[in-house]
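S.K.:
Protein chains in written order, with the numbering used here: chain A, 1 to 108; chain B, 1001 to 1274.
1. Ignore the nearest five residues each way along the sequence and tell me which others in residue 1260 (chain B)'s own chain have a CB closer than 7 Å to its CB.
2. In the DSSP assignment, what are the bridge partners of residue 1118 (chain B)?
3. Could you please tell me which residues of the segment 67 to 92 of chain A, in chain order, have their CB closer than 7 Å to any CB of chain B?
4. Just mark residue 1059 (chain B) as buried or exposed, buried being the case when its beta carbon has 16 or more other beta carbons within 10 Å.
5. Please state whether DSSP places residue 31 (chain A) in a helix, a strand or coil.
6. Quick test of your reading: residue 1205 (chain B) and residue 1115 (chain B), contact by CB under 8 Å. State the CB separation rounded to the nearest angstrom.
7. Using only CA atoms, which one of B:1120, B:1160, B:1179, B:1075 lies nearest to residue 1044 (chain B)?
8. Excluding the 5 residues flanking residue 1140 (chain B) on each side, which residues of the same chain have their C-beta closer than 8 Å to its C-beta?
9. Around the C-beta of residue 71 (chain A), are 16 or more other C-beta atoms found within 10 angstroms, so that it is buried, or is it exposed?
10. Output the distance between the C-alpha atoms of residue 99 (chain A) and residue 93 (chain A), rounded to the nearest integer angstrom.
11. Check whether chain A comes within 9 Å of residue 1068 (chain B), counting only Cβ atoms and requiring the distance to be less than that.
12. What's the gap between the Cα of residue 109 (chain A) and the Cα of residue 1234 (chain B)?
13. Quick check on residue 1230 (chain B) - is its C-beta less than 9 Å from some C-beta in chain A?
14. For a cutoff of 9 Å on Cβ pairs, would you count residue 1128 (chain B) as touching chain A?
15. Residues of chain B with CB closer than 9 Å to the CB of residue 22 (chain A), please, in chain order.
16. Would you mind telling me which residues of chain A sit closer than 9 Å to residue 1072 (chain B), beta carbon to beta carbon, in chain order?
17. Can you find a CB in chain A that lies within less than 9 Å of the CB of residue 1144 (chain B)?
18. Taking only the alpha-carbon atoms, compute the straight-line gap between residue 39 (chain A) and residue 31 (chain A) and give it to the nearest angstrom.
19. Let me know the alpha helix (DSSP H) ranges lying completely inside the segment 1150 to 1181 of chain B, each 4 residues or longer, listed in chain order.
20. For the segment 1206 to 1215 of chain B against the segment 1265 to 1273 of chain B, do three or more pairs of beta-carbon atoms, one drawn from each stretch, fall closer than 8 Å, so that the two count as touching?
21. Just to confirm the assignment, what range does the beta strand (DSSP E) spanning residue 1085 (chain B) have?
22. Pull up the distance between the alpha-carbon of residue 1064 (chain B) and that of residue 76 (chain A), whole angstroms please.
23. For residue 1224 (chain B), return the contacting residues in chain A, with the cut-off set at a CB-CB distance below 8 Å.
24. Could you give the DSSP three-state label for residue 1214 (chain B): helix, strand or coil?
25. For residue 48 (chain A), I'd like the list of residues in its chain whose CB is within less than 7 Å of its CB, leaving aside the five on either flank, ordered along the chain.
26. What is the residue span of the beta strand (DSSP E) that residue 20 (chain A) lies within?
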């Protein structure tokens, strides 16, 4: 989980413009359904929640389930009415949270 | 009962017709490069052309392509000092973007010192044990596959340019012999699928020409990057044979020969495949 998440969104947008946000995070997403070579179950370890806030207001969030493949890729749209900062958070089953921030400016 | 079977047969016919249309549709799009004179193929086609448009889209977008997670990990590792000499890859090689350009496209390469060819994984480990005095990374380890991907990524878009003459020629011949030798319970050679039957639909998938220009490749099936010799192992396992060991002389010879079969194809590392 130490890897930096990959995020893509425009550096600036017009007021009222709808922009696309793409995120990719490195994670094993172990489902908890598999067994190891000795036949013992491999404990579940997934990212169970993703959330995105813009200037502390929620934009998008979702719960992730065990059937989602490794390195989850999430894409969504947002309307930009003011300049500010997006905050992204991925919550792991073990409680650790990976966060990232991206700024966006308004086009004159 | 007869009505049930009747409708099943109609369904089956409809499904067959549909799949035939789908197969035709995909074949028509496959683009390749003309092969040099004396080559086994008329047109050399990358495995990319045999994949669905969804898989291709995943490879085409550098952000969506999960192989880039490895490229970024290895870019950090490139600068990280390891071993008793206090060196990183960067201490000798500088910026990978310039010094490693084209290196991956020409591998495996002849080593005068070892009097045998070496591939990218082996060269990385030679650097680690001889120049950095660090532990060599085991094959299939995340670190070795990441670094191999990173170095080969610096040649992305450049044509595969492996040398097969001079001291390499006995290795090339050995690789060719392995390519055409039937192995395993299913009694299949590499050529049985990838030369004689490429483009056909088999095991819920299209058989490709078995080109290596995209390796290490992010396999959706494994949800991680898979190095070439692991794929060789997988193929031999699938025909119920006993695979050679990764990084063995046999697989090295095969790597040289198969690279030649894809000569001129652009390097696609990190590619995305099924």
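Glycine included, each C-beta is placed from N, C-alpha and C at the ideal position.
Bear in mind the structure is a predicted one, so any value in this text is a computation, not a measurement.
M.R.: Concretely, from the data shown:
1. Here the set comprises 1162, 1164, 1172.
2. B:1109
3. Going along the segment 67 to 92 of chain A in chain order, one finds 69, 70, 71, 73 with a Cβ nearer than 7 Å to chain B.
4. buried
5. Looking at residue 31 (chain A) - three-state DSSP - the assignment turns out to be coil, as it is neither helix nor strand.
6. Not quite, the Cβ-Cβ distance comes to about 40 Å (not below 8 Å), so this is no contact.
7. B:1160
8. 1227, 1230, 1246
9. buried
10. Our two residues, residue 99 (chain A) and residue 93 (chain A), have alpha carbons roughly 15 Å apart in a direct line.
11. Interface residue, yes.
12. Since the first residue shown for chain A is 1 and the last is 108, residue 109 (chain A) is missing from the structure and cannot be characterised.
13. no
14. Closer than 9 Å: no.
15. 1061, 1063, 1064, listed in chain order.
16. 3, 4, 6, 26
17. no
18. Using only the alpha carbons, I get a separation of about 15 Å.
19. 1169 to 1180
20. yes
21. Counting along the chain, residue 1085 (chain B) falls outside any beta strand (DSSP E), and DSSP gives it neither H nor E.
22. 13 Å
23. 70
24. In the structure shown, the three-state DSSP call for residue 1214 (chain B) is coil.
25. 63, 64, 91, 93
26. 17 to 24
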